[in-house]
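J.: So the sequence shown is residues 1 to 711, counted in UniProt numbering.
This structure is in structure tokens; I'll ask about it shortly.
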Amino acid sequence: MDNNRNFIIAIALSLSVLLGWQFLYMKPASDKARQQAIEAQQQTAGEQGTDPTVGGAAIPPRASSVIPVPTTPKFASREAALAATQRIAFDTSSLTGSINLKGGSVDDVTLKEYRQTVDPNSPPVTLLSPAGSPEPYYAYTGWYSDQADISVPGPDTVWKQQGTGALAPGKPVTLTWDNGKGLVFKRAITLDEHYMFTITDTVENKTGKPVTLRPRAEVARLYEPTNLFGYSVLHEGLIGLFKDAGLKELTYSSAIKNFDPAADNGKGVSKEIISDKGGWLGFTDQYWAAVLVPDQSKPLTARLFGTPQKDFFVEFSENPVTVATGASETFTNKLFAGAKKVVLIEQYMADDKIDRFDKLVDWGWFPFLTQPLYFLLNWLYLHVGNFGIAILLTTVLVKVLFFPLANKSYSAMNKLKMLQPEMKKIQERFKDDKQRQQHAMMTLYKKEKVNPAAGCLPILVQIPVFFALYKVLLVSIEMRHAPFYGWIHDLSAPDPTNIFTLFGLIPWTPPHFMMLGALPLIMGCSMWLQMRLNPTPPDPIQQKIFAWMPVLFTFMLAPFQAGLILYWTWNNILTFAQQALIMKRQDKNMNLLEQIGLKKSNGAAKHRSHAHDVAHKPTAEPVRPGKAADVKTASVPATADSAAPVANAGEANEAVSTAEGAQAVIDKPQPTEPTTARPVAPVAAAPRGNLASKKSVKQRGKSGRNRRPGR
1 MDNNRNFIIA IALSLSVLLG WQFLYMKPAS DKARQQAIEA QQQTAGEQGT DPTVGGAAIP
61 PRASSVIPVP TTPKFASREA ALAATQRIAF DTSSLTGSIN LKGGSVDDVT LKEYRQTVDP
121 NSPPVTLLSP AGSPEPYYAY TGWYSDQADI SVPGPDTVWK QQGTGALAPG KPVTLTWDNG
181 KGLVFKRAIT LDEHYMFTIT DTVENKTGKP VTLRPRAEVA RLYEPTNLFG YSVLHEGLIG
241 LFKDAGLKEL TYSSAIKNFD PAADNGKGVS KEIISDKGGW LGFTDQYWAA VLVPDQSKPL
301 TARLFGTPQK DFFVEFSENP VTVATGASET FTNKLFAGAK KVVLIEQYMA DDKIDRFDKL
361 VDWGWFPFLT QPLYFLLNWL YLHVGNFGIA ILLTTVLVKV LFFPLANKSY SAMNKLKMLQ
421 PEMKKIQERF KDDKQRQQHA MMTLYKKEKV NPAAGCLPIL VQIPVFFALY KVLLVSIEMR
481 HAPFYGWIHD LSAPDPTNIF TLFGLIPWTP PHFMMLGALP LIMGCSMWLQ MRLNPTPPDP
541 IQQKIFAWMP VLFTFMLAPF QAGLILYWTW NNILTFAQQA LIMKRQDKNM NLLEQIGLKK
601 SNGAAKHRSH AHDVAHKPTA EPVRPGKAAD VKTASVPATA DSAAPVANAG EANEAVSTAE
661 GAQAVIDKPQ PTEPTTARPV APVAAAPRGN LASKKSVKQR GKSGRNRRPG R
């Protein structure tokens with residue numbers, strides 16, 4: 001009873017995890033849907049008027065926020081907003097964009113290596129956009145002063161470029177601004193070959209008196225993204241990591257809740273103020289991020305929050321500095337704006353000594369599984385050139401790793417399958433007494449050392465690897481738009497085909513639960529074949545669970561990434577081959593087509609297979625030609641009609657409570673097919689009540705157990 005309950009619990013837990021994953025989290029938005037959302041938002045902005053501004057008037061700064069934002073018109077398109085201000089361009093192998101001289105901010109960044117969809121003609125991914133565009137998203141650094149008579153540069157300050165030329169790796173640009181009251185501000189910006197900007201702000205004091213200023217920097221996102229992935233398992237939103245406070249993550253909705261409108265004399269500020277040292281903070285998407293990296297050795301005060309107008313800010317300031325007369329002070333920080341490449345992020349973490357910068361990639365609760373799996377996949381990809389092939393090879397390595405455990409499990413299942421005749425006899429004998437039937441089953445399992453829940457073990461072992469691979473496909477930019485073969489053009493997206501549209505012939509979009517492609521169907525068939533090799537459970541509930549599992553898994557896994565379905569399908573195929581080899585090794589007369597139900601069973605062949613299994617049991621004396629088999633009769637008198645008493649004794653002892661009873665049931669001739677495998681005439685010749693004869697038979701049984709089969 002306990003094993004049966006454990007079996008049900010194991011199956012229920014497996015299904016609960018997958019069902020919960022499917023229905024408790026929102027479905028991922030496809031690249032096409034994301035692009036449509038962006039285009040719809042841009043179209044809505046364009047329909048507000050043909051004027052480049054809304055009503056021709058500039059939109060004032062948000063009064064509810066202590067963070068200043070540019071006073072800029074609302075433009076109909078990103079291109080119009082870019083054309084409205086003077087800029088310094090940059091163009092590297094990874095990025096293209098410009099620096100805005102108004103505010104001196106980094107507000108135009110496009111990722112050259114990545115496109116919005118798998119279509120090669122799709123536009124590249126845009127990360128940062130200027131204020132006034134449909135989706136303002138920018139980084140700003142500068143100074144803040146508590147003294148009203150001190151002018152410092154702000155978001156509307158127009159800087160001047162020293163010299164000419166574009167920003168490029170190894171070619172920095174310098175901006176200057178003089179407040180006309182003795183303070184001269186300079187901003188030097190450098191850019192490496194990838195995604196890291198270094199911004200150095202310097203102030204020179206020529207006022208004739210000391211001046212106290214506070215260095216500050218921010219990343220502002222003045223809209224709430226609509227093209228989020230949608231799964232709660234992946235964090236997208238505001239993020240920060242600090243030396244003592246650790247990792248801070250806020251979704252866009254929770255960031256608004258973190259806003260306190262009554263704070264700072266009604267200007268509004270974050271409820272949580274973090275006073276710490278070092279770290280980094282910014283915004284993270286599924287594949288991209290814009291993150292500020294302050295000086296790792298200096299104390300700072302940070303805030304992460306949103307406003308009711310859905311303006312979101314991550315901002316930090318350092319301790320106030322006093323600039324003496326004739327002196328200068330420098331404030332340096334970095335800006336990471338680009339794709340979350342794992343290897344590149346770890347390189348920045350090591351070279352620039354950025355504290356735990358690898359946390360920018362959300363590896364989930366079990367990074368000890370996801371990170372090694374990612375590096376294994378990436379290493380294989382570098383050698384084979386295709387992430388799909390890398391997934392197949394990884395699956396083989398996982399099977400090899402768990403081979404001893406799986407081999408033991410499959411051997412136990414095959415042994416259980418060979419016990420089906422005895423199990424059926426027990427069911428027929430106690431069909432009106434379920435309790436005794438269950439007890440007899442458990443006694444048989446215990447005697448044969450078989451666990452009826454062994455079939456669950458391979459599935460349970462797969463689940464951690466399944467979710468680790470799911471996480472890798474979800475967060476690693478290297479998997480994005482990675483093609484396989486045939487119709488699979490993106491392993492990080494669901495199978496694009498659908499049987500309910502006849503693979504594109506019918507022009508309609510089925511509901512989410514009907515998103516069933518070709519690859520999930522192949523996976524379901526492979527799972528059905530693999531489970532056909534498992535023994536039929538004696539319990540009707542277990543039989544129904546096993547029968548419906550391939551169907552349930554097919555529909556549940558269909559919306560997942562194609563790479564994940566590829567892994568599960570290939571794993572089923574390898575498992576099928578492994579089980580078939582184990583069964584063939586244990587029973588050379590086994591017919592694979594009969595086992596999976598593609599060929600009608602042959603009764604004689606079944607009996608030979610079963611007799612072969614019995615003959616090779618270590619507790620049984622093998623049958624020699626011309627010699628009667630020894631029969632163990634530890635608790636039953638050896639008479640001519642000993643076969644029936646043994647069966648009756650087994651019934652009296654809860655059906656097969658001893659090895660001798662079980663052996664007698666096995667050796668009983670079948671009513672439909674006569675057999676001469678175990679003659680009992682010599683045993684029947686012993687007179688009833690002859691103690692000497694009983695003893696000799698018992699001794700022969702013991703000696704038979706000590707002889708090796710075949711000798």
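Backbone N, C-alpha and C define an ideal beta-carbon position, used for all residues, glycine too.
#1: For L281, which three-state DSSP category applies?
#2: Would you tell me roughly how many angstroms separate the C-alpha atoms of P136 and S77, rounded to the nearest one?
#3: Taking a contact to mean a Cβ-Cβ separation below 9 Å, would you say E318 touches T301 in this structure?
#4: Within its chain, find whatever has a CB closer than 6 Å to the CB of Q530; leave out the 5 residues flanking it on each side and keep chain order.
#5: Can you name the residues that DSSP bridges to F90?
#6: Hey, how far is the Cα of A547 from the Cα of A139?
#7: What three-state label does DSSP hand F242 in the structure shown?
#8: Nearest to K206 by alpha carbon, out of F185, T190, V219?
#9: Straight-line CA distance for S275 to F242?
#10: For M583, does the count of other Cβ atoms within 10 angstroms reach 16, so buried, or fall short, so exposed?
#11: Using beta-carbon positions only, say whether L304 and A255 come within less than 9 Å of one another.
#12: Can you tell me whether Y470 is buried or exposed, with buried defined as 16 or more other CB within 10 angstroms of its CB?
#13: If you scan the region 474-544 from start to end, which runs of the alpha helix (DSSP H) of 4 or more residues do you find wholly inside it?
#14: Give the secondary structure of Y567 by DSSP, where H, G and I count as helix, E and B as strand, and everything else as coil.
#15: How would you write the range of the beta strand (DSSP E) that R429 sits in, first residue to last?
#16: What residue range is occupied by the uninterrupted alpha helix (DSSP H) comprising K359?
#17: Which term fits Q286, buried or exposed, when burial requires 16 or more other beta carbons within 10 angstroms of its beta carbon?
#18: Quick check: does the Cβ of W568 come within less than 8 Å of any heavy atom belonging to the ligand NAD?
#19: Can you give me the C-alpha to C-alpha distance between L516 and P261, rounded to a whole angstrom?
#20: Quick check on T332: does DSSP put it in helix, strand or coil?
#21: Quick check on D51: does DSSP put it in helix, strand or coil?
#22: Could you compute how far the alpha carbon of G56 sits from the alpha carbon of K74?
#23: When you compare each of I354, Q420, A245 to S297 by their alpha carbons, which one comes out closest?
#24: Hey, P550 and W528: beta-carbon distance below 9 Å or not?
#25: For Q371, I'd like the list of residues in its chain whose CB is within less than 8 Å of its CB, leaving aside the five on either flank, ordered along the chain.
#26: What are the partner residues of K160, as DSSP defines its beta bridges?
#27: May I have the straight-line CA-CA distance separating H383 from Q347, to the nearest angstrom?
#28: Less than 9 Å between the beta carbons of V219 and F313, yes or no?
#29: For the candidate residues F283, L373, K171, whose alpha-carbon lies nearest to that of L393?
#30: So the candidates are L228, L566, G132; which of them puts its Cα closest to the Cα of W487?
#31: In the structure shown, what three-state DSSP assignment does F75 receive?
#32: Helix or strand or just coil, what does DSSP make of residue 797?
#33: Can you tell which of P540, K446, G240, I199 has its C-alpha closest to the C-alpha of K434?
#34: CB-CB under 6 Å to D192, same chain, minus the five flanking residues each way: which ones, in chain order?
#35: Evaluate T509 with the Cβ neighbour count: other Cβ atoms within 10 Å of its Cβ, from every protein chain shown; 16 or more gives buried, anything less gives exposed.
#36: Starting from the C-beta of V118, find all residues in its chain whose C-beta is less than 6 Å away, skip the five residues before and the five after it, and write them out in chain order.
T.: This is what the structure holds:
#1: Indexing the sequence shown from 1 puts residue 281 at position 281. For L281, the three-state secondary structure derived from DSSP is strand.
#2: On the sequence shown, residue 136 is found 136 positions in, with the first residue counted as 1. On the sequence shown, residue 77 is found 77 positions in, with the first residue counted as 1. Taking the straight line from one Cα to the other gives about 11 Å.
#3: Position 318 of the sequence shown, counting from 1, holds the residue named residue 318. Position 301 of the sequence shown, counting from 1, holds the residue named residue 301. Yes, the pair counts as a contact, with Cβ atoms nearer than the cut-off.
#4: By 1-based counting over the sequence shown, the position of residue 530 is 530. Excluding sequence neighbours, Q530 sits near N572, T575, F576.
#5: Within the sequence shown, numbered from 1, the residue matching residue 90 stands at position 90. Answer is G97, L167, bridged to F90.
#6: Within the sequence shown, the letter at position 547 stands for residue 547. Within the sequence shown, the letter at position 139 stands for residue 139. Answer to the nearest angstrom: the Cα atoms are 57 Å apart.
#7: Start at 1 with the first residue of the sequence shown, and residue 242 comes out as number 242. In this structure, F242 counts as strand in the three-state DSSP scheme.
#8: For the purposes of this step, residue 206 is identified with residue 206 of the sequence shown, where counting begins at 1. Out of F185, T190, V219, F185 has the C-alpha closest to the C-alpha of K206.
#9: Mapped onto the sequence shown, residue 275 falls at position 275. Mapped onto the sequence shown, residue 242 falls at position 242. If you take the alpha carbons of S275 and F242, they lie about 9 Å apart.
#10: Counting from one through the sequence shown, the residue named residue 583 turns up at place 583. The residue is buried, with at least 16 neighbouring Cβ atoms inside 10 Å.
#11: The residue labelled residue 304 in the question sits at position 304 within the sequence shown. The residue labelled residue 255 in the question sits at position 255 within the sequence shown. Cβ atoms of L304 and A255: closer than 9 Å.
#12: Residue 470 sits at position 470 when you count from the first residue of the sequence shown. Its Cβ being crowded by 16 or more others within 10 Å, Y470 is buried.
#13: 518-532
#14: As a first step, residue 567 is located in the sequence shown; it is residue number 567 there, counting from the start. Y567: helix per DSSP, three-state reduction.
#15: Along the sequence shown, read from residue 1 onward, the residue named residue 429 stands at position 429. Element bounds for R429: not the beta strand (DSSP E) but the alpha helix (DSSP H), 420-429.
#16: Against the sequence shown, residue 359 aligns to sequence position 359. Looking at the DSSP string, K359 is not in any alpha helix (DSSP H), and its letter there is neither H nor E.
#17: Within the sequence shown, residue 286 is the residue found at index 286, counting from 1. Counting Cβ neighbours within 10 Å, Q286 comes out buried, since at least 16 surround it.
#18: Among the components modelled here there is no ligand, and therefore nothing to report on the ligand NAD.
#19: For this step, residue 516 is matched to residue 516 along the sequence shown. For this step, residue 261 is matched to residue 261 along the sequence shown. Rounded to whole angstroms, L516 to P261 spans 48 Å at the Cα level.
#20: By one-based count along the sequence shown, residue 332 stands at place 332. Residue state, collapsed to three classes: strand.
#21: Within the sequence shown, residue 51 is the residue found at index 51, counting from 1. With a pLDDT of 35 at D51, under the threshold of 50, the predicted position of this residue should be treated as unreliable, though the coordinate-derived value follows. Residue state, collapsed to three classes: coil.
#22: Mapped onto the sequence shown, residue 56 falls at position 56. Mapped onto the sequence shown, residue 74 falls at position 74. Note on G56: pLDDT 34, under 50, position unreliable in the model; the coordinate value appears next. Spanning the two alpha carbons is a distance of roughly 9 Å.
#23: Position 297 of the sequence shown holds residue 297. It is I354 whose Cα lies nearest to the Cα of S297.
#24: Here residue 550 is taken as the residue at index 550 of the sequence shown, counted from 1. Here residue 528 is taken as the residue at index 528 of the sequence shown, counted from 1. Yes; because the gap between Cβ atoms is below 9 Å, this pair is in contact.
#25: Indexing the sequence shown from 1 puts residue 371 at position 371. Once the five neighbours on either side are set aside, the close Cβ partners of Q371 are W363.
#26: In the sequence shown, the residue the question calls residue 160 occupies position 160. DSSP output for K160 lists T176 as bridge partner(s).
#27: Residue 383 sits at position 383 when you count from the first residue of the sequence shown. Residue 347 sits at position 347 when you count from the first residue of the sequence shown. Cα to Cα, H383 sits roughly 21 Å from Q347.
#28: Here residue 219 refers to the residue found at position 219 of the sequence shown. Here residue 313 refers to the residue found at position 313 of the sequence shown. In this structure, F313 lies closer than 9 Å to V219 by Cβ.
#29: One-based indexing of the sequence shown puts residue 393 at position 393. Comparing Cα-Cα distances from L393 to each of F283, L373, K171, the minimum goes to L373.
#30: Looking up residue 487 in the sequence shown gives position 487. Among L228, L566, G132, the Cα nearest to that of W487 belongs to L566.
#31: Locating residue 75 in the sequence shown gives position 75, counting from the first residue. Looking at F75 - three-state DSSP - the assignment turns out to be coil, as it is neither helix nor strand.
#32: The chain is shown only over 1 to 711; residue 797 falls outside these bounds and no answer can be derived.
#33: Position 434 of the sequence shown, counting from 1, holds the residue named residue 434. The option with the nearest alpha carbon to K434 is P540.
#34: Taking the sequence shown and counting its residues from 1, the one referred to as residue 192 is at position 192. Around D192: P169.
#35: For the purposes of this step, residue 509 is taken as residue 509 along the sequence shown, with counting starting at 1. Taking a 10 Å sphere around the C-beta of T509, we find fewer than 16 other C-beta atoms and assign the residue as exposed.
#36: Counting from one through the sequence shown, the residue named residue 118 turns up at place 118. Excluding sequence neighbours, V118 sits near H481, H489, D490.
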